[in-house]
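Q:
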Amino acid sequence: MNYFLYSWIFFSMIGFSSESVFTGVKKILGSVKSKKPVDWHLSCETWLWTPVVYGLSAAVGFHPAVQSWAGVADLTWPLRGLIYTAGIFGIEFFWGWLLDQTIGFCPWDYGKTKWSVKGYIRLDYWPSWFAFGMILEQAGLIFARIFPCL
Numbered sequence: 002m003n004y005f006l007y008s009w010i011f012f013s014m015i016g017f018s019s020e021s022v023f024t025g026v027k028k029i030l031g032s033v034k035s036k037k038p039v040d041w042h043l044s045c046e047t048w049l050w051t052p053v054v055y056g057l058s059a060a061v062g063f064h065p066a067v068q069s070w071a072g073v074a075d076l077t078w079p080l081r082g083l084i085y086t087a088g089i090f091g092i093e094f095f096w097g098w099l100l101d102q103t104i105g106f107c108p109w110d111y112g113k114t115k116w117s118v119k120g121y122i123r124l125d126y127w128p129s130w131f132a133f134g135m136i137l138e139q140a141g142l143i144f145a146r147i148f149p150c151l
């Protein structure tokens, strides 16, 4: 149980930090694109749901034992990246839908974009999710080396 708790905390921190950097850089690029003054403070957005969404999902999905069991570990990196992207889209859609049903809204509403699926996912984010999946894969391997439990 401690192993899962540590894994959840580990992946939650990755989720918080990566989401913060992503949304902060996105705001800076938006300012540059619209020729508005740039706020270099890396102002970002994140939600209290992040530990649940990132931590719980990644602690399970990116554990090397799970990947080995599912046969993902033996695939080439492009296939693994596509599987991670599809999995992240599925998880993001599920959590968005669940939060919408339980609290009345999805904190990351993408409804105003043409690439949105029900406001829960953005298909144009696939390169980011592909790269993030590959990063999480390596993070899972590092975590398993630091805490060799399973």
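For the sequence shown, our numbering assigns the number 2 to the initial residue and increments by one for each residue that follows.
Cβ coordinates follow ideal geometry from the N, Cα and C atoms, glycine included.
(1) Would you mind giving the Cβ-Cβ distance between Gly97 and Tyr121, rounded to the nearest angstrom? I have them listed as a contact below 8 Å.
(2) In terms of residue numbering, what span does the alpha helix (DSSP H) encompassing Pro128 cover?
(3) Assign His42 to one of two classes, buried (16 or more other C-beta atoms within 10 Å of its C-beta) or exposed (fewer than that).
(4) Helix or strand or just coil, what does DSSP make of Val39?
(5) Where does Trp44 sit, in a helix, a strand or coil, going by DSSP?
(6) Within 10 Å of its beta-carbon, does Thr77 have 16 or more other beta-carbons around it, so buried, or fewer, so exposed?
(7) Using C-beta distances below 7 Å, list every residue in its chain close to Gly141, excluding the 5 sequence neighbours before and after it, in chain order.
(8) Report the option in Val33, Gln102, Phe90 whose CA atom is closest to the CA atom of Ser117.
(9) Using CA atoms only, rank isn't needed, just tell me which of Ile104, Lys37, Ala71 is closest to Leu49.
(10) Can you have a look at Gly16 and say buried or exposed, based on whether 16 or more other CB atoms are within 10 angstroms of its CB?
A: Let me spell this out:
(1) Confirmed, about 3 Å.
(2) First-last of the alpha helix (DSSP H) with Pro128: 127-147.
(3) Of the residues assessed, His42 falls on the exposed side of the cut-off, its CB having fewer than 16 other CB atoms within 10 angstroms.
(4) In the structure shown, Val39 falls within a coil segment according to DSSP collapsed to helix, strand and coil.
(5) With the sequence shown as reference, residue 44 is identified as Ser, and Trp is not the correct amino acid for it. In the structure shown, Ser44 adopts coil according to DSSP, grouped into three states.
(6) Exposed.
(7) The answer, listed in chain order, is Phe63, His64, Pro65.
(8) Between Ser117 and the set Val33, Gln102, Phe90, the nearest pair of CA atoms involves Phe90.
(9) Nearest neighbour of Leu49 by Cα position, chosen from Ile104, Lys37, Ala71, turns out to be Ile104.
(10) Answer is buried; the Cβ neighbour count reaches 16.
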